[in-house]
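Reading through the structure tokens given below for one structure.
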Amino acid sequence: MNKFAFIDRLIEDIDRASLRRQLVRVDSAQGTVIKTGGSEKALFCSNNYLNIAEDRLVKDAVIKTVNQYGYGSAASRLISGTSTLHVELEKTFANFLNKEAAILLPSGWTANEALLRTLPQKGDIVLIDKLDHASIIDAVRQGQAEFHTYRRDRLDRLEKYLADTRYERKWIVTESVFSMDGDSADIRELVRLKEKYDAILIVDEAHGFGCLGQNGKGLAEQAGVLDAVDIIVVPLGKAVAANGGIVASKQNVIDYLVNRARAFIYTTASSAVNCAAVLAGLEIIRDQPERRKRLHANTIYLRQKLQQMGLDTGPGSTHIVPVIIGQTRDALRVSKELFERGYFVSAIRPPTVPEGTARLRISLQSNHTTEQIDGLIKSLQGVL
Ligand SMILES: Cc1ncc(COP(=O)(O)O)c(C=O)c1O
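Position one of the sequence shown corresponds to residue 892 (the working numbering), numbered consecutively onward.
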């Protein structure tokens, strides 16, 4: 008897709803163009926003470090897995974000898990944006505190929860730039509310870090409220183009996570080589603001063109540009036809986005040329 026949049926259900996901194999480095299945595609769906993934500085740092440290860390951080580079990286991030301390976790997912499963206590309330990332949702579900979602266009509802005096502590958790919509949190208003109600504000800068703010520190820097954010999370797989997740805050917050966060304690430390890549990426972010400027110029250019075509790109203004199509089947068709024409733009479907809002998620890079963007637009005109 096939014990896994039930899985075939579950997969058939996924197929029927046009929700089957497929892996696309990439045979080259990440850049504005990739090789896949024997042909080249212009890449418009990666989070390598500043083209750090393929940068010479990063490659050199990695080669040097692998020669010095080897690759594997071979232990968790609290056993023998903490290298000089982990310590340097954490200090560097704490300084850069103007926080007392920082800690590195193996991914952005585990950073949110460590933070949100560990810090909020029974008797607290955690308020998360309805469209916060799955790592935030899953973490608060597993934590001890009560949690509720709020809509960012209805902050009056958030305020109702904040005004409720039954809770010991109140936490607000938001992404800075929303990964599937490309719009931004009203971070100044969140700061105002958290100050009014003495709440704790956590901002996940996954898609803002490196790209926004004069020094690339993210949306909080751009909005002039960096110091008012109590805890900053920086997933390092996006603009920094490496792996890991930083949590930066007060020293005692970090000390407590080191002692109690299961996602930190019971996992192998990321390699020193990865730390070297992160440090090199951060150096580029700090020293090469022109990459942010080019990304910004590309964003304005693409958004204007899409709007001239009458397409729905949502309310955002960032380098993540959604083109809302509606039905899953249609979004998949458009994505497939773009791929055949040489443009790799993934379709995002429910449950990642709400039903009826399947979309293309175009993400820009600073090295995209006007010709590449024009080519994408022309192909979109051809397939829509
Ligand atoms: C807002 C946000 N937070 C956290 C994560 C998870 O980060 P990582 O990919 O490093 O696990 C992501 C990744 O998609 C994200 O978009």
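Even for Gly, the Cβ is constructed at its ideal location relative to N, Cα and C. Predicted, not measured: the structure shown is a model, and the values here were computed from it.
Nearest Cα to A1139 within the set Q1105, A1222, Q1113 and F1100: F1100. Distances from the CB of H1098 to the heavy atoms of ligand 1 include at least one below 7 Å.
Taking the Cβ of S964 as the reference point, every heavy atom of ligand 1 lies at 7 Å or farther away. Remark: C-beta atoms of L1193 and I1264 approach each other more closely than 8 Å. In the structure shown, the three-state DSSP call for V1064 is strand. For E1231, the enclosing alpha helix (DSSP H) stretches over residues T1219 to E1231.
Under the three-state reduction of DSSP output, K894 falls in the coil class, being neither helix nor strand. In this structure, the beta-carbon distance from G1247 to I1176 does not fall below 8 Å. Close to ligand 1, as judged by a C-beta nearer than 5 Å to any of its heavy atoms, are the residues S998, G999, W1000, H1024, S1026, E1066, S1070, D1095, A1097, P1126 and G1128, in chain order. Rounded to whole angstroms, the separation of the alpha carbons of D1121 and R1060 is 13 Å. Here L1103 is not near L1092, since their CB atoms are 8 Å or more apart. For F1155, the enclosing alpha helix (DSSP H) begins and ends at R1153 to I1156. Per DSSP, the beta bridge partners of E931 are K926. Scanning the segment 1082-1121 from its first residue to its last, the whole beta strand (DSSP E) runs of 3-plus residues come out as 1091-1095. Contact between the segment 1227-1236 and the segment 914-932 is present: 3 or more CB-CB pairs across the two stretches fall below 8 Å. Within a 10 Å sphere around the beta-carbon of R900 sit fewer than 16 other beta-carbons, which makes this residue exposed. At the C-beta level, L1084 and L1022 stay beyond 8 Å of one another. Contact annotation: D1095 and S1075 have beta-carbon atoms that are not nearer than 8 Å. Within the DSSP secondary-structure output, F1235 pairs in a beta bridge with L934. As computed with DSSP, G1136 is found in a beta bridge with L996 and P1126. For L1018, the enclosing beta strand (DSSP E) starts and ends at I1016 to D1020.
Per the DSSP secondary-structure output, A1249 pairs in a beta bridge with G1217. Distance from I943 to A1130 at the Cβ level is roughly 7 Å; contact confirmed, criterion being Cβ atoms closer than 8 Å.
In its chain, beyond the 5 residues on either side, N989 have a beta carbon closer than 7 Å to the beta carbon of D1118.
F987: member of the alpha helix (DSSP H) spanning T975 to F987, first to last residue. Here T1040 carries a strand assignment [DSSP, helix/strand/coil].
Setting aside the 5 residues that flank it on each side, R1182 is surrounded in the same chain by L941 and S1257, each with a C-beta closer than 6 Å to its C-beta; the list follows chain order. In the structure shown, T1190 falls within a helical segment according to DSSP collapsed to helix, strand and coil.
L1006 and A992 have their C-alpha atoms roughly 14 Å apart. T1159 sits in a strand when the DSSP states are folded into three classes.
Distances from the CA of E981 to each of E945, G1115, K1141 and R1008 were compared; the closest alpha carbon is that of K1141.
Straight-line spacing of the CA atoms in N986 and G1073 works out to 28 Å. Rounded to whole angstroms, the gap between the alpha carbons of R1032 and E903 is 29 Å.
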